[in-house]
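For reference, the structure is listed below as structure tokens.
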Amino acid sequence: MKTNYDLGLLILRLGFGGLMLTHGIPKLEMLNDPSSFGDPIGLGSTISLILCLIGEVLAPALLIIGFKTKLAAIPAAITMAVAAFVVHGNDPLQNKEMALLYLITFTALIFTGAGRYSIDGRK
């Protein structure tokens with residue numbers, strides 16, 4: 347039974363972490379001109395971009411390999427909460443649905459951890 351649980355966590359980490367990278371990696375090019383990035387929480391475009399890159403590139407990379415998974419899931423979840431409730435706050439559900447799905451998954455990983463098939467799970 348525990349093997350299926352660990353395999354399920356691996357699939358979640360690889361799937362959602364990998365898909366999140368498809369949103370974050372294109373934002374790396376914005377480092378050349380951070381002013382082109384939005385400022386949804388009033389910290390300035392550069393700081394907002396850096397925080398977004400932590401949540402959409404660094405954290406998912408750590409989730410994929412299963413290193414410091416519970417901690418790595420926190421910035422990913424926060425980034426998706428900002429996307430869902432601030433950036434798309436006034437949009438219809440279909441526009442924020444993807445951010446909410448990521449938020450739910452990353453929040454679950456905060457509580458479950460990475461499972462056995464991870465760097466965290468090796469003892």
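Numbering-wise, the sequence shown is residues 347 to 469 according to our numbering. Ideal Cβ placement from N, Cα and C applies to all residues, glycine included.
Buried versus exposed, by CB contacts within 10 Å (16 or more), residue i
i	result
Gly-363	buried
Tyr-558	Because the chain spans 347 through 469 in this model, residue 558 falls outside it and cannot be assessed.
Ser-464	buried
Lys-442	buried
Glu-375	exposed
Gly-412	buried
Phe-457	exposed
Arg-359	buried
Val-432	exposed
Asp-466	buried
Thr-415	buried
Thr-425	buried
Pro-406	buried
Leu-377	exposed
Three-way DSSP call (helix, strand, coil) for residue i in this model
i	result
Asp-352	helix
Pro-386	coil
Pro-372	helix
Gly-363	helix
Phe-413	coil
Pro-406	helix
Ser-464	coil
Gly-459	coil
Asn-436	coil
Using 8 Å as the threshold, is the stretch 375-393 in touch with the stretch 436-452, meaning 3 or more CB pairs across them?
-> no
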